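Just below is one structure, and these are the notes that go with it.
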Amino acid sequence: MTQHAVPEAPPDAPCPLPGPPATAAADVRPGRRQACWHTLVCLTLLLGAAYLGRRHWPLVESGALRLAVARQGWLLAGAVAALGTWPAAALAQQGAVARRLPGPRLLAAQFAASAANHLLPAGLGAGAVNLRFLMRCGLPVGRSAGALAVKATAGAAVRLVLIAALAPLCPGLLRLPPVSPAALAAVTGLAVLLAALLAGPLRPRCRRALAAVLTDIRAVHARPARAAALWGGSLGFTALHALVLVAMAQAVGLSLPPLQVALLYLAASGAAALLPTPGGFGSLDAALALALTMSGAPGATAASAVLGYRLLTVWLPLLPGLVVLGVLVRRRAV
1 MTQHAVPEAP PDAPCPLPGP PATAAADVRP GRRQACWHTL VCLTLLLGAA
51 YLGRRHWPLV ESGALRLAVA RQGWLLAGAV AALGTWPAAA LAQQGAVARR
101 LPGPRLLAAQ FAASAANHLL PAGLGAGAVN LRFLMRCGLP VGRSAGALAV
151 KATAGAAVRL VLIAALAPLC PGLLRLPPVS PAALAAVTGL AVLLAALLAG
201 PLRPRCRRAL AAVLTDIRAV HARPARAAAL WGGSLGFTAL HALVLVAMAQ
251 AVGLSLPPLQ VALLYLAASG AAALLPTPGG FGSLDAALAL ALTMSGAPGA
301 TAASAVLGYR LLTVWLPLLP GLVVLGVLVR RRAV
């Protein structure tokens, strides 16, 4: 009796829709347990959103009052730029995967991932949501993690290229703040420890992970459409975030040219990414405010611009994003 091989789906085939397994005699108890688990996750997400909103409510209220008298046209421009960050993130994620992903669910996953990113430190929330989404689309765990690494690598490279391109146009703008000897010694010690770990027990794993990421990068760049989506989405995501801060600076009357504000955002957000705080809470706000004030902007105006940026990119979409995440979890899309 001959066996027929099941044909593998082509790379451009859309990922299958999530749904229950096609078995006639399905046990209802596992389904009930999964429904209870999904409900618990949804409630946890909503409680987390309520906790964050209550804890930081004075900050949200202060920013809203300051922005109530700002220039409405620039506020609208910042809101439009903030809305564009999620399609850009979806485009970059599609570019990091050879298989064609479903557009509406991919966009919803990016919106939900941005909200989840504010609950866990160091980008773990967004990474977990995107990892689950890619796995639900049929990608293996290793390939899904590789796609996230490819997207993160492209984003970091785009940020460095933009800093290198804007720095000559704003000479003398980027200045390192004074660093205490204790902080310098701590950073040096951490660097030495990390180098020892990478050269010792973690070396084989790091080499395998790096080889897998390089393989995925080559596979993506073998398809020009995917490479264009990866780099175009990464560039759009970073540029739109910078544009949100530029629009907020113009709305509150910040006396800095837009190119300088964009360069300061790129440098400050890159520095804040090194601190493992949920969504950059505290670290990004402090880094942006410090960068703007060190460049000559008044402290109150700089704080208003940063608050406006955080309102448009974090606080206003936080609760809707967590609701979308709960719906995706409920429908087993992540």
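With full-length UniProt numbering applied, the sequence shown covers 1 to 334. Cβ atoms here follow ideal geometry from the backbone N, Cα and C, with glycine treated the same way. As the structure is a prediction and not an experimental result, all values here were calculated from the model.
Does the separation of the CB atoms of Leu230 and Val220 fall below 8 Å? In this structure, the beta-carbon distance from Leu230 to Val220 falls below 8 Å.
- Identify whether Pro168 lies in helix, strand or coil by the three-state DSSP scheme. Secondary structure at Pro168: helix, using DSSP grouped into helix, strand and coil.
- prompt: Taking just the CA atoms, how far does Ala115 sit from Gly321?
  reply: Those two C-alpha atoms are separated by around 5 Å.
TODO: Please check the pair Leu266 and Leu162, which I expect to be a contact at CB under 8 Å, by giving their CB distance rounded to whole angstroms.
DONE: Sure, about 6 Å apart at Cβ, within 8 Å.
- prompt: What first and last residue would you give for the alpha helix (DSSP H) that runs through Pro317?
  reply: Counting along the chain, the unbroken alpha helix (DSSP H) around Pro317 starts and ends at 316-330.
- Ala287 vs Ala271 beta-carbon contact at 8 Å: Contact annotation: Ala287 and Ala271 have beta-carbon atoms nearer than 8 Å.
| Residue of Leu119, Ala113, His118 minimising C-alpha distance to Arg132 | Minimum Cα distance to Arg132 is reached at Ala113.
Query raised in the report: For the alpha helix (DSSP H) that Ser304 lies in, which residues bound it at each end?
Result: Ser304 -> alpha helix (DSSP H) spans 299-310.
DSSP state of Arg159 mapped onto helix, strand, coil: Three-state result, Arg159: helix.
Worksheet item: Mind checking whether Arg223 and Ala92 have CB atoms under 8 Å apart?
Response: No, the Cβ-Cβ distance between Arg223 and Ala92 is not below 8 Å.
Bounding residues of the alpha helix (DSSP H) (the contiguous stretch that carries Pro257) = Where Pro257 is concerned, there is no enclosing alpha helix (DSSP H), given that its DSSP letter is neither H nor E.
Problem - Neighbourhood of Leu254 by C-beta distance below 6 Å, restricted to the same chain and skipping five residues each side - result: The beta carbon of Leu254 lies closer than 6 Å to those of Ala297, Thr301, Ala305 in the same chain, with the five residues before and after it left out.
Thinking C-beta only, is Leu316 closer than 8 Å to Ala291?
-> Here Ala291 is not near Leu316, since their CB atoms are 8 Å or more apart.
Keeping to the same chain, check which residues put their C-beta closer than 8 Å to that of Val334; ignore five residues upstream and five downstream. Here the set comprises Ala109, Ala112, Val129, Arg132, Phe133, Arg136, Leu325, Leu328.
*Segment limits, alpha helix (DSSP H) that includes Pro104*: Start and end: 103-116.
Next on the checklist: Please classify Leu169 as buried or exposed, where buried requires at least 16 neighbouring CB atoms within 10 angstroms.
Outcome noted: Exposed.
Just verifying my parser: in three-state terms, what is the DSSP assignment at Pro224? Reduced to three states, the DSSP call for Pro224 is helix.
Quiz prompt | Where Gly296 sits in the DSSP three-state scheme | solution = When secondary structure is reduced to three states using DSSP, Gly296 falls in the coil class, being assigned neither helix nor strand.
Quick one: using the 10 Å Cβ neighbour count with 16 as the cut-off for buried, is Arg218 buried or exposed?
So Arg218 counts as exposed.
Problem - Ala152 versus Val261, Leu319, Arg310, Leu214, residue with shortest Cα-Cα distance - result: Of the candidates Val261, Leu319, Arg310, Leu214, the one whose C-alpha sits nearest the C-alpha of Ala152 is Leu214.
For Trp74 and Ala262, believed in contact at Cβ under 8 Å, the rounded distance:
In this structure Ala262 is not in contact with Trp74, their Cβ atoms being roughly 15 Å apart against a cut-off of 8 Å.
Cutting at 7 Å between CB atoms, please list the residues of its own chain near His96, excluding the five before and the five after it.
Residue identity differs from the one stated: residue 96 is Ala in this sequence, not His. These residues qualify, in order along the chain: Ala147, Val150, Lys151, Val220, Leu230.
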